[in-house]
Amino acid sequence: MSEYEYTPVPGRGLLTRKSLDLRLEHLQSKGYKIDQIQKSNINPYDIQKNIESFIGSVEVPLGIGGPLRMNIQGEEQDVYCVAGTLEGALMASMNRGAKAISLAGGVKGKMIHQRMMRAPMFQMNNSEEAAVFEAFVHDNFPQIKEQAESYSNHACLLKLDTVILDEFVTVRFIYTTGDAAGQNMTTTCTWHAIQWINQAFEATTGIEINHYIIEGNGASDKKVSQLLLDQGRGVKVEVECTLSEDIIKKVLRTDVTTIMNFFTPSKKLAAKDGMVGYNVNVANVIAAIFVATGQDLASIHESSTALLETKKVENGIHAKLTLYSLVIGTVGGGTHLPKQRQALELMGCYGTGKIERFATIIAGFCLGLELSTISAIASGEFAKAHEKLGRNKPVDWIQWNELNSDFITAVIRPYLSETPREIELHKGELEKGILMNICRRVTNKLIGFIPLSIETSKGEQKILIKSKAKDIEVIKGLHMMSASIDPKLSDLLSNHKDHLEYVNSHLKELLIPHEIHQLNGDGTPKYFGHILHNQREIFMLFQEFLDANTMHLMDSENKPWLWSKPLTKNVIDVINQIHLLFKNKDSLLEKVAVKQHLIAQTEEVHRCMIDILIMEYGEHYKVLNQFLDELIEGPQTQVHMTLVHNDFNPRNIAIRKNGEPVIYDWELSVIDYPQRDVVEFLSFVLEEDFSADQLMHWIEYHYQISESETSFEDWKNITLLSIKKYIVTRIVFYKTANVVMNLKFVDRIYANAMRMLQILEEN
Numbered sequence: 007m008s009e010y011e012y013t014p015v016p017g018r019g020l021l022t023r024k025s026l027d028l029r030l031e032h033l034q035s036k037g038y039k040i041d042q043i044q045k046s047n048i049n050p051y052d053i054q055k056n057i058e059s060f061i062g063s064v065e066v067p068l069g070i071g072g073p074l075r076m077n078i079q080g081e082e083q084d085v086y087c088v089a090g091t092l093e094g095a096l097m098a099s100m101n102r103g104a105k106a107i108s109l110a111g112g113v114k115g116k117m118i119h120q121r122m123m124r125a126p127m128f129q130m131n132n133s134e135e136a137a138v139f140e141a142f143v144h145d146n147f148p149q150i151k152e153q154a155e156s157y158s159n160h161a162c163l164l165k166l167d168t169v170i171l172d173e174f175v176t177v178r179f180i181y182t183t184g185d186a187a188g189q190n191m192t193t194t195c196t197w198h199a200i201q202w203i204n205q206a207f208e209a210t211t212g213i214e215i216n217h218y219i220i221e222g223n224g225a226s227d228k229k230v231s232q233l234l235l236d237q238g239r240g241v242k243v244e245v246e247c248t249l250s251e252d253i254i255k256k257v258l259r260t261d262v263t264t265i266m267n268f269f270t271p272s273k274k275l276a277a278k279d280g281m282v283g284y285n286v287n288v289a290n291v292i293a294a295i296f297v298a299t300g301q302d303l304a305s306i307h308e309s310s311t312a313l314l315e316t317k318k319v320e321n322g323i324h325a326k327l328t329l330y331s332l333v334i335g336t337v338g339g340g341t342h343l344p345k346q347r348q349a350l351e352l353m354g355c356y357g358t359g360k361i362e363r364f365a366t367i368i369a370g371f372c373l374g375l376e377l378s379t380i381s382a383i384a385s386g387e388f389a390k391a392h393e394k395l396g397r398n399k400p401v402d403w404i405q406w407n408e409l410n411s412d413f414i415t416a417v418i419r420p421y422l423s424e425t426p427r428e429i430e431l432h433k434g435e436l437e438k439g440i441l442m443n444i445c446r447r448v449t450n451k452l453i454g455f456i457p458l459s460i461e462t463s464k465g466e467q468k469i470l471i472k473s474k475a476k477d478i479e480v481i482k483g484l485h486m487m488s489a490s491i492d493p494k495l496s497d498l499l500s501n502h503k504d505h506l507e508y509v510n511s512h513l514k515e516l517l518i519p520h521e522i523h524q525l526n527g528d529g530t531p532k533y534f535g536h537i538l539h540n541q542r543e544i545f546m547l548f549q550e551f552l553d554a555n556t557m558h559l560m561d562s563e564n565k566p567w568l569w570s571k572p573l574t575k576n577v578i579d580v581i582n583q584i585h586l587l588f589k590n591k592d593s594l595l596e597k598v599a600v601k602q603h604l605i606a607q608t609e610e611v612h613r614c615m616i617d618i619l620i621m622e623y624g625e626h627y628k629v630l631n632q633f634l635d636e637l638i639e640g641p642q643t644q645v646h647m648t649l650v651h652n653d654f655n656p657r658n659i660a661i662r663k664n665g666e667p668v669i670y671d672w673e674l675s676v677i678d679y680p681q682r683d684v685v686e687f688l689s690f691v692l693e694e695d696f697s698a699d700q701l702m703h704w705i706e707y708h709y710q711i712s713e714s715e716t717s718f719e720d721w722k723n724i725t726l727l728s729i730k731k732y733i734v735t736r737i738v739f740y741k742t743a744n745v746v747m748n749l750k751f752v753d754r755i756y757a758n759a760m761r762m763l764q765i766l767e768e769n
């Protein structure tokens with residue numbers, strides 16, 4: 007006899023506050039750490055029928071899909087879906103597919119049927135008795151139907167199918183269950199029906215049933231089988247759309263021939279391998295929507311039984327997707343919980359009469375993802391989005407626990423009048439820039455903004471640690487993002503990475519503030535040191551923490567009306583001083599690892615982005631190719647080059663309460679003409695109706711303070727060229743990124759830059 011003593015978890019069948027506390031105490035007494043799991047906003051009394059042994063919850067981030075143009079029950083409308091996932095790029099791909107379908111006229115959908123199945127099994131003495139039993143079941147269908155339906159207000163028994171295997175008879179009870187998935191409902195109804203069958207069969211025939219069970223595994227419950235294709239379980243729904251060649255090229259970045267070349271052999275291979283149906287990844291959408299809307303997650307498997315069909319039509323592709331067994335409900339299960347209910351309500355799918363809408367929306371977004379994914383695979387985008395660039399050697403990255411007082415004091419002490427009494431790190435997330443957010447998708451190292459407070463005899467001071475990603479990680483991030491825009495662009499960014507402004511971005515962000523500090527320059531955040539450890543890839547800048555609450559202006563890229571003439575003058579003064587600090591100091595520029603942005607060496611990158619703009623937004627962007635030609639030819643001028651910020655806009659410029667500018671984020675700096683910074687700044691801060699006099703005032707003022715030895719005419723010509731360079735490099739990048747992002751300022755600064763060109767050409 008074993009001496010093992012089984013100790014159950016307390017209160018396993020109870021869902022009360024007291025039983026919850028007992029379970030948590032039990033786990034803690036055994037040394038389990040559950041402080042995060044037990045944090046939950048779920049009221050135990052709301053989930054009495056949903057779970058046992060409740061101890062807490064986990065969070066899954068939710069995304070919004072859509073809009074997707076759909077025809078539901080004869081009505082054209084834009085619909086959205088709420089989806090929960092931890093898989094990066096899923097929502098982006100769903101939305102790309104939704105965009106393509108919507109622009110092509112939308113998706114048509116219809117529900118074929120809604121069914122739920124339960125398959126009890128009966129054991130007789132021999133096959134002869136089994137045949138008698140089968141006949142009895144079919145002869146007495148009306149009575150069995152009455153018995154089953156008397157235990158539900160919603161279940162309707164449609165038919166009974168029987169299968170005899172030796173002395174065993176499986177009876178498939180096939181119901182409709184209204185707006186509920188109906189799995190528990192049909193179990194109850196079927197159980198009471200087979201009680202009646204057991205008694206009535208013996209009373210009628212004199213034959214006793216040896217044994218019976220509620221489910222003989224003949225209903226394909228939470229499994230995939232041919233039965234699901236033949237008969238279905240849950241909702242069978244069909245959706246279809248037609249995409250033109252133009253939409254496929256513009257949105258999906260491929261063409262009809264490429265898609266069909268992939269699809270046809272892929273489907274043949276799937277049939278050879280025994281795939282049930284055919285699809286690429288509908289389970290992604292189904293799982294994500296199930297998580298968000300309180301569906302039975304164990305039914306994801308069978309609900310993903312699908313058949314995708316495509317055929318080439320005149321100037322496009324027609325696609326049709328059938329989901330055979332979508333086990334869903336708009337009532338019951340977990341749909342009553344507050345968040346799940348709200349997700350369903352957002353989709354217009356909560357409550358009775360909504361099951362067809364819900365099924366059609368799910369299928370519509372599945373079709374969108376299928377088309378997006380097929381296009382990504384066929385065009386090479388799928389591989390490029392997952393491609394790893396550069397070496398993959400393990401690196402001993404810095405960890406949070408290393409950022410202690412000793413570590414921080416060693417860096418900042420030379421820039422303080424005394425040793426800090428106390429240092430406190432603040433781990434709360436701060437808003438990150440575009441590049442940093444992109445890098446977070448390709449590396450797990452500690453990158454981002456880390457605020458800290460230091461206490462000295464003079465009081466508290468706040469410092470910001472900027473932990474930078476390496477330049478290759480910036481390229482990796484851009485490579486991933488651009489893959490969803492155009493795979494060709496991904497290749498070009500990788501091939502030309504050594505000549506783009508991103509090269510050495512991690513070094514520039516550290517060394518340029520250091521050099522400005524050494525040169526006693528003004529207009530940057532107070533410098534508190536940096537760490538540059540190549541072997542461990544630690545690139546950290548320590549600088550003054552700029553609190554938006556104590557600034558006059560900060561992050562004002564979308565508020566040009568706040569930029570008064572005095573503030574604009576102050577910024578131009580400060581950036582000019584920094585330009586002069588680095589003027590003709592080649593050794594210093596080499597020291598801070600800045601490389602000139604040679605546009606001729608990156609021509610292919612810019613041509614590709616211009617082509618994307620032409621395809622995406624219109625033929626009027628063709629003029630940018632002329633700008634690029636002029637830039638490649640280059641100017642003949644005596645205007646000096648210097649260090650320029652190259653990302654000089656109110657996203658990276660703050661104004662103190664006293665009107666002093668603070669310039670930060672030097673990671674994209676290059677050697678270029680000083681006008682490059684000024685024209686970018688003006689494109690952001692001039693309001694859209696600015697006059698020629700306003701622009702010429704600032705151009706002339708910049709010339710006067712620049713200490714330039716050239717003529718104003720030459721200065722003006724370089725300014726003209728700098729605007730074109732700014733448009734072709736920075737604005738084109740923003741506009742291209744807007745295919746997958748939403749930068750509000752892009753169209754405004756483009757219009758301003760084009761107006762600046764017009765004014766300069768006329769003056």
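Under the numbering used here, the final residue of the sequence shown carries the number 769; numbering is consecutive throughout. The beta carbon of each residue, even a glycine, is placed where N, CA and C say it ideally should be.
- Between the alpha carbons of I478 and V509 lies a gap of roughly 8 Å.
- Straight across, the Cα-Cα distance linking K571 with S562 is about 15 Å.
- Rounded to whole angstroms, the gap between the alpha carbons of L235 and K482 is 43 Å.
- CA-CA distance, V113 to V245, rounds to 6 Å.
- Under DSSP, D678 forms a beta bridge with T648.
- When secondary structure is reduced to three states using DSSP, I306 falls in the helix class.
- When DSSP reads this structure, C87 sits in a beta bridge with G71.
- Under DSSP, P566 takes part in no beta bridge, so it has no partner.
- The continuous stretches of alpha helix (DSSP H) do not include F696, and DSSP gives it neither H nor E.
- In this chain, the beta strand (DSSP E) harbouring C247 covers 240-250.
- Contact between the region 524-531 and the region 407-426 is absent: fewer than 3 CB-CB pairs across the two stretches fall below 8 Å.
- With 16 or more neighbouring CB atoms inside 10 Å of its own CB, L327 falls in the buried class.
- F548 sits in a strand when the DSSP states are folded into three classes.
- Across the structure, H512 and E521 are spaced so that their CA atoms are roughly 15 Å apart.
- Annotated three-state conformation of A209 is helix, per DSSP.
- DSSP places T270 in the helix class (H, G or I) of the three-state scheme.
- In this structure, F687 lies near V577, with their beta-carbon atoms less than 8 Å apart.
- In terms of CA proximity to S310, V241 leads the group V241, S108, K151.
- Per DSSP, the continuous beta strand (DSSP E) segment holding Q120 begins and ends at 113-124.
- When the Cα atoms are used, F551 and R682 turn out to be separated by approximately 27 Å.
- L674 and N652 have their C-alpha atoms roughly 6 Å apart.
- Three or more Cβ pairs closer than 8 Å define a contact, and the region 370-387 falls short of that threshold against the region 337-354.
- In the structure shown, Q34 adopts helical secondary structure according to DSSP, grouped into three states.
- Non-local C-beta neighbours of E694 in its own chain, meaning closer than 7 Å and more than five positions away in sequence, comprise R754, A757, N758, ordered along the chain.
- The shortest C-alpha to C-alpha distance from M100 to any of E376, S423, N410, I620 is the one to E376.
- Cβ neighbours of V738 within its own chain (closer than 7 Å, five residues either side excluded): H612, M615, I616, L619, L630.
- Contact holds between the region 246-256 and the region 318-326, because three or more Cβ pairs, one in each stretch, are under 8 Å apart.
- Residue pairing by DSSP places L559 opposite I661 in a beta bridge.
- Bridge partners of R178 according to DSSP: D167.
- Here the region 174-188 makes contact with the region 121-130; the two share three or more CB pairs at distances below 8 Å.
- Using a Cβ distance threshold of 8 Å, I471 and I460 do not count as a contacting pair.
- As computed with DSSP, C372 is found in no beta bridge at all.
- As computed with DSSP, L327 is found in a beta bridge with V245, L314.
- Between G283 and A312, the gap from beta carbon to beta carbon is short of 8 Å.
- Looking from the CA of E430, the closest CA among T449, L422, N410, V448 belongs to N410.
- Counting only the Cα atoms, Q583 lies some 14 Å from N590.
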